[in-house]
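Enquirer:
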Amino acid sequence: MAAAESAGKIAVWPLSGDKLYRPTNLSELSFSTTADLQPIDGLVGQARALEAIQFGTKVERAGFNLFVIGPNGARMQDAVKAVLIEEARRKPIPSDWVYVNNFADPDRPIAIELPGGRAREFRESMHKLVDDLKAAMPAVFQSEDYQTRRGAIDESFQKKQGEAFTALRDKAAEKEVVLLRTPLGFALAPAKDGQVVPPDEFKEWPEAKRRQVQAIIEALEKELEHIIHQLPQWEKQRRDEIRQLNRDTAKYAVDQLIEETKASFSDIPRVAQHIDMVRSDLVENVTMFVMKSEDGDDDSSALKAGSSFDRYEVNVLVTQDVGQPGAPIVEELHPALGNLIGRIEYISVRGALLTNFRLIKGGALHRANGGYLLLDSRSVLMEPFSWAALKRILRRGEIAIEDIARFLGFTSTVSLEPDPIPLKVKVILFGDRLLYFLLAALDPELADYFKVLADFENDFVRTPENEAILARLLATLTQRDGLNALDRGAVALVLEHAARLADHAGKLSLVVEQLREILIEADFCARQAERAVISRADVDQALKARIRRAARVRDRAQEAILENVALIATEGTHVGQINGLSVLELGGFSFGHPTRITCQVRPGTGKVVDIEREVELGGPLHSKGVLILSGFLAGRYALDTPMSLFASLVFEQSYGGVEGDSASSAELYALLSALADVPLRQDLAVTGSVNQHGEVQAIGSVNEKIEGFFDICDKRRLTGSQGVLIPQANVQHLMLRREVIDACAAGQFAIFPVSTIDEGIALLTGLPAGERAADGTYPPNSINRRVEDRLRAFANIRRSFGSERSGTATGI
Amino acid sequence: MPTELHSFRRLVLGLQSSAPDPAMRLAVELAELLDLDLLGLFLEDASLRDLAGIPFAREFRLLGGGWHSLDLDRLVHDMEVAARGMERTFTQAVGSLSKRSQFEVMRGPVAEAITSISNTGDIVMIVEPTSAAERVSGQFSWLVKAAFRSAAAVMLVPSRIIRFKGPIVAVAMAGDDPTIAAAAAIAVAAKEKLIVIGPGGRDRENPRTAQLAAETGLTIQYVTAGDLSADSTACLKAMRQLQERLVVMARLPFDGATASAIVTARQVPVLVIEPERLPPGEGDSRT
Chain A
1 MAAAESAGKI AVWPLSGDKL YRPTNLSELS FSTTADLQPI DGLVGQARAL EAIQFGTKVE
61 RAGFNLFVIG PNGARMQDAV KAVLIEEARR KPIPSDWVYV NNFADPDRPI AIELPGGRAR
121 EFRESMHKLV DDLKAAMPAV FQSEDYQTRR GAIDESFQKK QGEAFTALRD KAAEKEVVLL
181 RTPLGFALAP AKDGQVVPPD EFKEWPEAKR RQVQAIIEAL EKELEHIIHQ LPQWEKQRRD
241 EIRQLNRDTA KYAVDQLIEE TKASFSDIPR VAQHIDMVRS DLVENVTMFV MKSEDGDDDS
301 SALKAGSSFD RYEVNVLVTQ DVGQPGAPIV EELHPALGNL IGRIEYISVR GALLTNFRLI
361 KGGALHRANG GYLLLDSRSV LMEPFSWAAL KRILRRGEIA IEDIARFLGF TSTVSLEPDP
421 IPLKVKVILF GDRLLYFLLA ALDPELADYF KVLADFENDF VRTPENEAIL ARLLATLTQR
481 DGLNALDRGA VALVLEHAAR LADHAGKLSL VVEQLREILI EADFCARQAE RAVISRADVD
541 QALKARIRRA ARVRDRAQEA ILENVALIAT EGTHVGQING LSVLELGGFS FGHPTRITCQ
601 VRPGTGKVVD IEREVELGGP LHSKGVLILS GFLAGRYALD TPMSLFASLV FEQSYGGVEG
661 DSASSAELYA LLSALADVPL RQDLAVTGSV NQHGEVQAIG SVNEKIEGFF DICDKRRLTG
721 SQGVLIPQAN VQHLMLRREV IDACAAGQFA IFPVSTIDEG IALLTGLPAG ERAADGTYPP
781 NSINRRVEDR LRAFANIRRS FGSERSGTAT GI
Chain B
813 MPTELHSFRR LVLGLQSSAP DPAMRLAVEL AELLDLDLLG LFLEDASLRD LAGIPFAREF
873 RLLGGGWHSL DLDRLVHDME VAARGMERTF TQAVGSLSKR SQFEVMRGPV AEAITSISNT
933 GDIVMIVEPT SAAERVSGQF SWLVKAAFRS AAAVMLVPSR IIRFKGPIVA VAMAGDDPTI
993 AAAAAIAVAA KEKLIVIGPG GRDRENPRTA QLAAETGLTI QYVTAGDLSA DSTACLKAMR
1053 QLQERLVVMA RLPFDGATAS AIVTARQVPV LVIEPERLPP GEGDSRT
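Protein chains in written order, with this note's numbering: chain A, 1 to 812; chain B, 813 to 1099.
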């Protein structure tokens, strides 16, 4: 392949094979398969992130929570967990937390802290206490002693009533009057021989007698009324006495059991205090244990959640496993508000939603309290209210369970306001960089609560030492996933693929998940071939299979070109027409393909029209690239003449959006070709952006772009003259496919590194670009001379056109 | 319950203005235990109709208070409402016993109603009213007197029953006292212990009861009491340490007042049976 020359000064030589692909150097490592390698745990090549994580996990200050960012698939969670496990082991076991009933205000349950692992014991003890009381209380209240005392009270009451009514009855009987019970009350009736006097007989009585009886009855009615009015007062006295008796009896029954329970928790004053409150409540509410059937005050029909005895139970919100020392590491995969900060549940009782302290459920923050909480930032942000609640809790330093439905007015039922629980947790958020930067820009509070940033590298430098480290990481992955070991050739190819994933021959990707996927697929290939060790061929087969599975769209696009539906010339020359290169990324698979870019010029007002932009198919970066072309022309040519150009640029047969400036150099070549009226080679494709000084700048996905053009040329027939112009700065990124490398080595294809537009235009036209001489002119027949002459001609045309219009106007 | 152990056939639950739920449950339980028919008898006292016919008659209403003149139509309506309410309560309480239960409303003088309906195979159950005023009312005293005058056994039930489990107590004057056999029948059915309170001496142990104990596994305990015939004092003293659920005693030498005193003091039901009441077959052995 010949170099391009321009006036003997500028020459662009095709890249040699060693620049197109950098093989792995495993000389630092002695092994036959990865089974021989020492596995490597934790963070590989992430010194910066590791330092941040270690700092973030150790510093015990408010707001110093971690935000871990990095590429998807970097398995940041696993890496951070590996670090945290060591750190967590050194921390003390956090406290247990329980909620108990607030006897003074049941809507505000009380939170009690217990030493780690004691919550269950507390719950069991209280449960046993209630069970014991259920058995003991009825016995005590059925005891002879109680019954005697109760009977005495009742008897006294009955006696008081009985005496009053008996006296009334006797008095009435003396006067031949009887007391009767009516359906609604009582009445007094005249009697004879103990029986009510029939009305007919009464009517036959003398008037005087009837009046006398009536007077007697009226007097007795007053006495009856007086007695009945006294009944409530007597009843109240009786109830007070019984209540006091119940209290005394219950205290006797309860005290011993309470003291036994309390003794087990004498070291926790808050628990002892609660048990004392339980004692007081038990004494006041002893009827629930024994007297349901007596006074008919069974409250089972009352609206309440759960049994009456629930009030003495303990709701264990969080408890620690004493068998596993250290602080908890909790990962919440579904950080909905309730899962994050806990929730208050309700049960339906006859259509009403009711709750109590036992229905308080802990969240991830409760479980992680005293340790670490790992959250995916995207998940947190996507859950309504979770992000705001998390920040609020971190600001307060305590977990307050919020019933959002209540705040929003979705429910109007009675709810709870549980005691907040002090929070001492290190929250670690994971996310991609874009999300972090957007959040940092849009939420100023982010910096208040997540002061430590751990930024995972996408890749690291490809030194023999680092290749050895990555090889050990491969050994770890194979062991962890139970895969076959890799031989040296397989390791080498995976590492080379890691460089390709990093888009840089001198770097290795640290996106572990992508490497793991390759290993799993290569392992599958090896097993299919009944090989116990994964070979280079297996890895290669896996890589090709991955591409094959994902490449339907690429193949259709190439098919369209080969069938001349999409017009791409790979031979000959053409004025104002060039092969640009673009990359499509669909579902994680990227491929390059050529696109025809054309340019038309004519005199105008100095405007370069980007047709993509005009129809709103061009993105801002693409438009920027085109506008730079105007700057380049304006700064280089006919500086003494107004720019009088109209040019239009278009991506032919492009029906979707175009973004990026990687085609700006190709667009400039097409523009220069159109202006100079010099044809461009169609057997070359071009990629690279350009600045206003004509320097060609690096672009992304250089490998895919080259391979995209190579595939078309290869399928048509490699002529030996075909190749791709890439920015010089992109040479370091080359990790091309074997077919491309072989074609280049055979002189059938070429990669030209280009630094300036002058180099590129010379290569594309076969004419020198030309340098401005001391007299300010470009050499004759150089591209630059032709362009400048054309621009001056356009200016003259415009000037003369302007003079004509001006003259006409004057004439008028 | 094997009916051969007793001669009761029917339980008549006398219902007036109110019937506490525990008493209703007790009636159902007893009917089930002794395999009895259950009759809920609502007594609509005729004396109230008579009273309504007297010009100045009026009643003191507990709800709302105050005196209101008695109107016959209104009174009849109120009594019907009360009867229907009582029937509903009774029907709910009988539950599985519904096929062998019946509810009746009887109008007329209370004493006549009880006398006409009860016979020797009946137990008339009378629940003490909660209110003292009701207890001294004419209707209640007429009911108690009529029940005790009838041929039926009478069960007095306190308004508040303190115990639904525990031994059955028989207050017996001698070893062949029919109260023992009746109490034993209930104890066997209820799977409870039988405690016999009586004067000391060898004759207190009846061969038939001993045989029953051997056949059914019934546990019998004897408690010696003082002079049982005097009044309830000796009886109550003997019961002091017992946790009985029911007391069975004979009408003679005891009277209704003694039974009532025991009900008040012990707050458990007391079944008062006719002295001549004997279990089937017992008569043969007495010839």
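Using N, Cα and C, we set each Cβ at its ideal position, and we do this for glycine too.
Owing to the predicted nature of the structure, the values given are computational and were not obtained by experimental measurement.
I'd like to check one pair, V1080(B) with M967(B): are the Cβ atoms closer than 8 Å?
Expert: no
Enquirer: Within the segment 950-1002 of chain B, note down every full alpha helix (DSSP H) run reaching 4 residues or more, in order along the chain.
Expert: The qualifying runs are 950-961, 990-1002.
Enquirer: Please determine, among V427(A), L645(A), R395(A), the residue with the shortest C-alpha to C-alpha distance to Y372(A).
Expert: V427(A)
Enquirer: Is the beta carbon of V213(A) sitting closer than 8 Å to the one on G194(A)?
Expert: Not closer than 8 Å, so no.
Enquirer: Quickly, what does DSSP pair L827(B) with across the bridge? List them, please.
Expert: F854(B)
Enquirer: So, does the CB of E841(B) fall closer than 8 Å to a CB anywhere in chain A?
Expert: no
Enquirer: Give the straight-line distance between the Cα atoms of G776(A) and D459(A), rounded to the nearest whole angstrom.
Expert: 48 Å
Enquirer: With DSSP as the reference, identify every bridge partner of R919(B), one or two as the case may be.
Expert: E856(B)
Enquirer: For D683(A), count neighbouring Cβ atoms within 10 angstroms of its own Cβ and tell me buried if that reaches 16, exposed if not.
Expert: buried
Enquirer: Along the beta strand (DSSP E) that carries L354(A), what are the first and last residues, could you check?
Expert: 352-354
Enquirer: Determine the DSSP secondary structure at I344(A), reduced to helix, strand or coil.
Expert: strand
Enquirer: Compile a chain-ordered list of the residues in the segment 1038-1055 of chain B whose CB is closer than 9 Å to at least one CB of chain A.
Expert: R1052, Q1053, L1054, Q1055
Enquirer: Below 8 Å between beta carbons: does that hold for Y669(A) and G760(A)?
Expert: yes
Enquirer: Let me check one thing: in DSSP terms, what residues is E113(A) bridge-paired to?
Expert: W97(A)
Enquirer: Compare the Cα-Cα distances from I520(A) to each of R211(A), A505(A), A545(A) and report the closest residue.
Expert: A545(A)
Enquirer: Can the beta-carbon of H366(A) be found closer than 8 Å to that of G342(A)?
Expert: yes
Enquirer: Comparing C-alpha positions only, which one of L184(A), A698(A), E457(A) sits nearest to A47(A)?
Expert: E457(A)
Enquirer: Hey, would you say A490(A) sits closer than 8 Å to A532(A), going by beta carbons?
Expert: no
Enquirer: Out of A745(A), G688(A), P422(A), V740(A), state which residue places its alpha-carbon closest to the alpha-carbon of A729(A).
Expert: G688(A)
Enquirer: Chain A beta carbons: is any one of them nearer than 8 Å to that of F902(B)?
Expert: Output row for F902(B): interface = no.
Enquirer: For L825(B), which residues from the same chain have a beta carbon less than 6 Å from its beta carbon, with the 5 sequence-adjacent residues on both sides left out?
Expert: A839, G852, M937
Enquirer: Sorted by chain position, which residues of the same chain lie with C-beta nearer than 6 Å to P464(A)'s C-beta, five sequence neighbours on each side aside?
Expert: N25, E28
Enquirer: Nearest chain A C-beta to T1036(B) closer than 8 Å, yes or no?
Expert: no
Enquirer: Could you tell me whether any Cβ in chain A is nearer than 8 Å to the Cβ of V824(B)?
Expert: no
Enquirer: Taking C-beta pairs closer than 9 Å, name the residues in chain B that V140(A) reaches, listed in chain order.
Expert: Per Cβ cutoff of 9 Å: no residues; V140(A) is ~13 Å from chain B at best.
Enquirer: Assuming M1061(B) is part of the alpha helix (DSSP H), what are its boundary residues?
Expert: Not the alpha helix (DSSP H): M1061(B) falls in the beta strand (DSSP E), residues 1058-1062.
Enquirer: Just checking my contact of V690(A) with I757(A) at CB under 8 Å: how many whole Å lie between their CB atoms?
Expert: 6 Å
Enquirer: Can you check DSSP and say which residues form a bridge with K361(A)?
Expert: R343(A)
Enquirer: Quick one: is D299(A) buried, meaning 16 or more other Cβ sit within 10 Å of its Cβ, or exposed?
Expert: In this predicted model, D299(A) has a pLDDT of only 46, less than 50, meaning its place in the structure is not dependable enough to derive any value.
Enquirer: Just list the beta strand (DSSP E) runs in the segment 658-704 of chain A, keeping only unbroken ones of 3 residues or longer that don't cross its boundaries, in chain order.
Expert: 679-681, 684-686
Enquirer: Along chain B, in chain order, which residues have C-beta atoms closer than 7 Å to that of I153(A)?
Expert: Chain B residues near I153(A): none, gap ~12 Å exceeds 7 Å.
Enquirer: What are the uninterrupted segments assigned as beta strand (DSSP E) that are 3 or more residues long and contained completely in the segment 177-239 of chain A, given in chain order?
Expert: 177-181, 185-192
Enquirer: Taking Cβ positions only, does V196(A) come closer than 8 Å to chain E?
Expert: The chain inventory of the structure shown lacks chain E, comprising the protein chains A and B.
Enquirer: From I421(A) to V130(A), what distance separates their C-alpha atoms?
Expert: 27 Å
Enquirer: Please list the partners that L855(B) has in chain A, where partner means a Cβ-to-Cβ separation under 7 Å.
Expert: Here the premise fails: no neighbours, minimum Cβ distance about 11 Å.
Enquirer: Show which residues of chain A have a CB atom less than 7 Å away from the CB atom of Q951(B).
Expert: Those are L180, R181, listed as they occur along chain A.
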